[in-house]
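Residue numbers (my numbering): 21 to 192.
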């Protein structure tokens with residue numbers, strides 16, 4: 021493998037890693053719709069490592085600044101908080117060509133989603149509350165209803181609600 025090809029391959033992998041880390045932290049810290057869009061625009065305003073290595077920086081920066089100006093001119097709708105934003109798992113990051121389409125699809129999903137109800141008490145979500153989703157049955161719970169704090173949830177690899185935990189014991 022030629023040195024230039026190897027360097028390009030390393031650059032592409034570095035870009036992928038940087039994008040995944042950026043959006044992981046965005047998901048982990050509960051960025052709302054505006055913050056995710058801001059992160060997306062900030063990432064796209066900068067050239068990728070691959071562009072720097074291959075020498076295509078100047079052309080791409082001008083094109084991207086035009087694209088970001090057009091997207092920022094769109095009206096911003098009010099976003100409603102959902103517990104999905106507080107999920108402890110990062111969602112997959114779309115590929116660069118599909119990122120704008122991915123954001124539009126996510127906006128549609130948020131609009132289609134009804135009120136989220138707690139699986140324990142049945143109350144609906146209100147902003148500022150900590151919620152956690154069971155990784156088995158994918159039902160959302162108030163942290164207080166299942167006695168889990170946000171700090172404790174960060175250390176849990178896979179959360180199982182009381183129902184799923186007791187179902188496992190009854191099978192054994």
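Glycine included, C-beta positions come from ideal geometry on N, C-alpha and C.
Since the structure is predicted, the reported quantities are computational estimates derived from the model, not experimental observations.
Checklist entry - Under three-state DSSP, which class holds residue 156? => result Coil, per DSSP.
Checklist entry - Which whole-angstrom value describes the C-beta separation of residue 73 and residue 38, a residue pair presumed to lie in contact below a C-beta threshold of 8 angstroms? => result Contact flag wrong, Cβ pair sits at about 14 angstroms.
Item to check | Where the alpha helix (DSSP H) containing residue 166 begins and where it ends | outcome: Careful: residue 166 lies outside any alpha helix (DSSP H) and carries neither H nor E.
Next on the checklist: So the candidates are 36, 167, 152 and 40; which of them puts its Cα closest to the Cα of residue 178?
Outcome noted: Of 36, 167, 152 and 40, the residue nearest in Cα terms is 152.
Checklist entry - Taking the continuous alpha helix (DSSP H) assigned at residue 60, which residues delimit it? => result Counted as a single uninterrupted DSSP element, the alpha helix (DSSP H) harbouring residue 60 occupies residues 53-65.
Checklist entry - Three-state secondary structure (DSSP) at residue 186? => result Helix, per DSSP.
Item to check | Pair within 8 angstroms by beta-carbon distance, residue 157 and residue 183 | outcome: Yes; because the gap between Cβ atoms is below 8 angstroms, this pair is in contact.
Checklist entry - So, residue 63 versus residue 42, is the Cβ gap smaller than 8 angstroms? => result Against a cut-off of 8 angstroms, the Cβ pair of residue 42 and residue 63 comes out as a contact.
Item to check | Terminal residues of the alpha helix (DSSP H) in which residue 49 lies | outcome: First-last for residue 49: undefined, no H or E at that position.
Checklist entry - According to DSSP, is residue 144 helix, strand or coil? => result Under the three-state reduction of DSSP, residue 144 is assigned to strand.
Checklist entry - Apart from the five residues on each side of it in sequence, which residues of its chain come closer than 7 angstroms, Cβ to Cβ, to residue 32? => result For residue 32, where only same-chain residues beyond five positions count, the Cβ hits under 7 angstroms are 70.
Checklist entry - What's the C-alpha gap between residue 68 and residue 172? => result Rounded to whole angstroms, the gap between the alpha carbons of residue 68 and residue 172 is 36 angstroms.
Item to check | Residues of its chain near residue 155, where Cβ-Cβ distance is below 6 angstroms and the 5 sequence neighbours each way are ignored | outcome: Only 178 and 179 meet the Cβ criterion.
Item to check | Cβ pair residue 141, residue 162 closer than 8 angstroms | outcome: Taking 8 angstroms as the Cβ cut-off, residue 141 and residue 162 qualify as a contacting pair.
Checklist entry - To the nearest angstrom, how far is it from the Cα of residue 22 to the Cα of residue 34? => result Approximately 18 angstroms, taken between the alpha carbons.
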